[in-house]
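Below you'll find the structure, written out as structure tokens, and then a few comments.
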Amino acid sequence: MADQEFTQIRLDKLTRMRELGHDPFAVEKFEFKHSAQELLDNFDALVAEDQEITFAGRIVAMREMGKASFLQLSDGDGRIQVYIKKDDLGETGWEISMLLDLGDHIGVAGKLFRTRTEERSIHVSVITPMSKSLHILPLGKEKEGESWGKLSDVEQRYRHRHLDLLANPEARKMLINRAKIVSAVRHYFDQEGYLEVETPLLQLEAGGAAARPFLTHYNADVPKVYEVGRVFRNEGVSNRHNPEFTMLEFYEAYVNLEDMMTRVEECFKFVCLEVFGSTTIDLGGHSFDFEKPWHRVDLLESIEKFSGIKPEELRDFDSAKAAMARVGLPTAKENNLGGIIEKLLERFVENELQEPTFVVGYPIETSPLAKKDPNRPGFTRRFEGYIRGREVCNAFSEINDPIDQRERFEQQLGARAAGDDEAHPMDEEFLYALECGMPPAGGCGIGLDRMAMMLLGSEHLREILMFPMMKPEQD
RNA sequence: GAGCCGGUAGCUCAGUCGGUAGAGCAUCGCCCUUUUAAGGCGUGGGUCCUGGGUUCGAGUCCCAGCCGGCUCACCA
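All the letters of the first sequence, read from the start, carry residue numbers 49 to 523 under our numbering.
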């Protein structure tokens, strides 16, 4: 039977239901107190009360037995069995129930009971259909945790997320937890006295692909601000990249790098507690405890540890390039010392940082907005955090010296002229703000999609995005 | 952006050597008043991603394109 014919059959059932005096789509409200899980959890107590209960959900399984039927209703989180029989519903009620299909939403009223096989169920006296599904839903079947035939085609799961959500509980849980994580992040900064701000998206400097999309116009007069915002990148899609993603940025005046590290530690701990109820989570067979402070390592020392390249070799461009060649990396594209150092970090160090770790001391060329380290020429007061070999945050002491910042922008313009289109653009408005006076401040960015991926153990970014980027289907 | 793999019924998939497409579930009909991947009997359902080409004949072989997956590159 073609899909069109199928839809016509269900439309006919809808018409018949209306003829029998019930229009599912006319219903607005249906009151019920308990979720499916609550009914199951408190089953014996509720049975003892002997009260009529109500429940509403989607029909996700149906077993007809002649003049009786068993349905399973899902409220999204859980499902409970419902038992209906002709004697209880009456002629009209029974005829309406015979017009029900998988995918319909119904409300039921009745008493709780256990079947012969001890299945906790609702013995229904009244049914109230509230929507009619006009398509065959890819629900599949399941038994003891195993399932068959349900929607699994990756493309279709993302194109029809609503179907994914009802067919795949794991997918649903993943997306709910992502939302909880973002919410918990906000709770953390709110309770710490930060002001949430929103910066305009449509005025952003086009092509500002390097570093940060938001500039810190706000933090001159507001000591603690954060923003959860959408960011766009015209780059390839992968299991770690989506053209638009969600970024947390926070800024706090009068604090140093160590304070920012503490913020990050506290934020992760807070989120774990709020979302999972524990600071300890298991990922990839390892246990991570966010109660513990993160490791702190110096960038150059970590490069030496994992590549053997000594800090002295990374003092100037030529010897750094020679060292890079020695360890077998291509050097043709490199044109500055900082770039080489970051490449070495990427190739030798990042994968080794399984435990939560802050890498401190980034080169000046790749950190155009970070304060210089007074004790180390060529390096800045900047760190990145890594967990399971992946970057989770990028933080630094903001430059508040307008002269220094102007020089950095000019260096970036030079790099841009030399062909580096990732170089930071000049921003006169930002410089003007600094010239008017800005206190010392720490700033930090955390990719919330990747934070969610990490905390939820997902290997695919799209699994924690409700609507990952998909090209339009052809007609 | 490059390489490799994939696209067949509503869903999950099979389809041999090139000979006009199959299964399970879902659907539809009948039976069944405590079933649970309910069961029994029966039924229908296909632009084989699209467009070309080779061939007497293409789901199958060739070319181009579209969409997706994986890996790489870029990055967060």
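For each residue, glycine too, the CB sits at the ideal point set by N, CA and C.
Assuming residue i contacts residue j (C-beta within less than 8 Å), just tell me the rounded distance between them.
i      : j      : result
Lys198 : Ala219 : Going by Cβ atoms, the distance from Lys198 to Ala219 rounds to 11 Å, so no, they are not a contact pair.
Ile144 : Val156 : Ile144 to Val156, Cβ: 12 Å. No contact.
Gln120 : Ala109 : 4 Å
Phe318 : Ala232 : 7 Å
If you measure between the beta carbons of residue i and residue j, is that distance less than 8 Å?
i      : j      : result
His235 : Thr55  : no
Glu446 : Ala489 : yes
Tyr131 : Ser169 : yes
Phe336 : Pro404 : yes
Leu377 : Lys391 : yes
Leu513 : Ile229 : no
Val206 : Arg510 : Note that residue 206 corresponds to Tyr in the displayed sequence, not to Val. Yes, the Cβ-Cβ distance between Tyr206 and Arg510 is below 8 Å.
Ser350 : Val285 : no
How is the beta strand (DSSP E) around residue i delimited, first residue to last?
i      : result
Leu331 : 328–331
Val279 : 272–280
Lys419 : Neither: Lys419 is in no beta strand (DSSP E) and is coded neither H nor E.
Val130 : 127–133
Asp337 : 334–337
Phe431 : 430–435
Report the three-state DSSP secondary structure of residue i (helix, strand or coil).
i      : result
His235 : helix
Gln56  : helix
His210 : helix
Asp469 : coil
Gly255 : Only weak support exists for where Gly255 lies, its pLDDT of 38 falling under 50; the value from the coordinates is given anyway. Looking at Gly255 - three-state DSSP - the assignment turns out to be coil, as it is neither helix nor strand.
Gly284 : coil
Pro261 : In this predicted model, Pro261 has a pLDDT of only 37, less than 50, meaning its place in the structure is not dependable; the value taken from the coordinates is given anyway. Looking at Pro261 - three-state DSSP - the assignment turns out to be coil, as it is neither helix nor strand.
Leu504 : helix
Pro217 : helix
Lys191 : strand
Phe293 : strand
Asn442 : strand
Gly462 : helix
Pro177 : strand
Ile101 : strand
Phe515 : coil
Ile184 : coil
Ile447 : coil
Pro411 : strand
Could you tell me which residues DSSP puts in a beta bridge with residue i?
i      : result
Tyr242 : Note: Tyr242 sits in no beta bridge, so no partner.
Met110 : Leu119
Arg162 : Arg168
Ala489 : Ala301
Arg344 : Phe406
His153 : Arg106, Ser179
Trp196 : Lys189
Would you kindly report the start and end of the unbroken alpha helix (DSSP H) that includes residue i?
i      : result
Met308 : 305–324
Ser355 : 347–355
Lys77  : Per DSSP, Lys77 belongs to no alpha helix (DSSP H) and is neither H nor E.
Phe91  : 91–97
Asp366 : 365–374
Leu482 : 476–484
Lys391 : 385–392
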